[in-house]
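Per full-length UniProt numbering, the very first residue in the sequence shown carries number 1; after that it's consecutive.
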Amino acid sequence: MLNLHHAPATPAAGPAHTLAQAPPQRQRAVAKALLAGVFCLAGAAHDAAAMLVSLDTSTLSGTSARLEFVLFDGDFTPNNSLTIASMSTSGVLGAIDCSFGCTGGFSPPFALDDALTFGQFLQDLTLGSSVSFELSFTSNYSGNGTPDRLVLSLLDPVTNLTLVYTDLDSTVSPVPFQDALLVVDLAGDARIQVAGSSDPNILISIPEPGAGALFSLGLALLGGQRIRRRRWFASSG
1 MLNLHHAPAT PAAGPAHTLA QAPPQRQRAV AKALLAGVFC LAGAAHDAAA MLVSLDTSTL
61 SGTSARLEFV LFDGDFTPNN SLTIASMSTS GVLGAIDCSF GCTGGFSPPF ALDDALTFGQ
121 FLQDLTLGSS VSFELSFTSN YSGNGTPDRL VLSLLDPVTN LTLVYTDLDS TVSPVPFQDA
181 LLVVDLAGDA RIQVAGSSDP NILISIPEPG AGALFSLGLA LLGGQRIRRR RWFASSG
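Right under this line is the structure:
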């Protein structure tokens with residue numbers, strides 16, 4: 001399982017000192033290699049199976065609701081899992097159900113797997129203006145059937161029917177869903193679908209993982225290389 005929240009490694013002093021003293025040609029080569037690595041990391045971050053999901057539930061503030069997370073098996077192989085963590089809301093969290101294909105205590109994290117054809121986690125709550133949580137998941141696909149699928153829905157806790165009507169439907173697919181807020185197909189780069197409209201209106205935010213920050217780091221590396229190059233020429237002259 002991939003996790004984007006890694007503590008940055010502390011660079012060793014030796015290689016940095018050696019690079020600062022190296023000829024400009026070597027500095028350029030190393031800096032380009034570092035920038036290439038940054039682009040690779042940016043791509044890896046985009047494909048990494050971890051994300052923060054935020055829901056703007058202002059239109060339903062004060063309403064009793066149920067968040068339903070379901071991990072469906074599509075390829076007939078128990079090869080994926082989902083972890084739900086850092087659940088928070090401006091409303092009030094209520095009862096949970098982590099009984100089928102789900103493991104966890106009385107608070108996050110909760111883990112779902114597809115060993116029993118699906119895993120389900122239910123979180124009852126009284127909605128406030130916002131709800132947020134972290135999702136991390138594997139995205140393995142055996143090549144049989146169809147990719148496993150994560151579906152997030154907002155339900156009425158009394159009827160277990162949808163509380164919002166969305167444009168995210170696929171009732172004829174091998175792993176069908178209707179009125180979903182979020183759908184993730186767990187294969188390769190994990191295709192993510194978010195409801196574009198809903199009634200009542202629920203805004204869904206999934207920040208891009210730090211590709212922009214990584215790109216800025218790459219530019220900084222090149223900038224530092226150019227500064228060191230000028231200093232090397234000055235000291236050589």
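Cβ coordinates follow ideal geometry from the N, Cα and C atoms, glycine included. These figures come from a predicted structure and were not determined experimentally.
Candidates the options: which alpha carbon is nearest residue i's?
{"i": "F121", "options": "Q178, I192, S81 and A187", "result": "S81"}
{"i": "D70", "options": "D179, D113, F106 and S54", "result": "In the sequence on display, residue 70 carries Val and not Asp. If we check each option's Cα against that of V70, D113 comes out closest."}
{"i": "V164", "options": "M51, L55, A50 and A49", "result": "L55"}
{"i": "L203", "options": "P157, V151, S130 and G188", "result": "S130"}
{"i": "T162", "options": "V151, S139 and A180", "result": "A180"}
{"i": "Y141", "options": "T159, A187 and P78", "result": "A187"}
{"i": "V184", "options": "L168, T126, D199 and N144", "result": "L168"}
How is residue i classed by DSSP in three states: helix, strand or coil?
{"i": "L161", "result": "coil"}
{"i": "L82", "result": "strand"}
{"i": "S173", "result": "coil"}
{"i": "L60", "result": "helix"}
{"i": "A49", "result": "coil"}
{"i": "G212", "result": "With a pLDDT of 43 at G212, under the threshold of 50, the predicted position of this residue should be treated as unreliable, and no value is reported."}
By DSSP's criteria, residue i is part of a beta bridge. Which residues make up the other side?
{"i": "D185", "result": "R149 and R191"}
{"i": "T166", "result": "S198"}
{"i": "S204", "result": "A quick correction: the sequence has Ile, not Ser, at residue 204. According to DSSP, I204 bridges with L55."}
{"i": "A65", "result": "L125"}
{"i": "F72", "result": "F118 and R149"}
{"i": "T89", "result": "V131"}
In chain order, which beta strand (DSSP E) runs of at least 3 residues are fully inside the segment 91-149? 92-100, 102-104, 110-113, 118-126 and 130-137
Could you say if the segment 135-148 and the segment 82-90 meet the contact criterion of at least three C-beta pairs nearer than 8 Å? Yes, the segment 135-148 touches the segment 82-90.
How do the segment 170-184 and the segment 94-109 stand: do at least 3 beta-carbon pairs fall below 8 Å, yes or no? Contact between the segment 170-184 and the segment 94-109 is not established, with fewer than three Cβ pairs separated by less than 8 Å.
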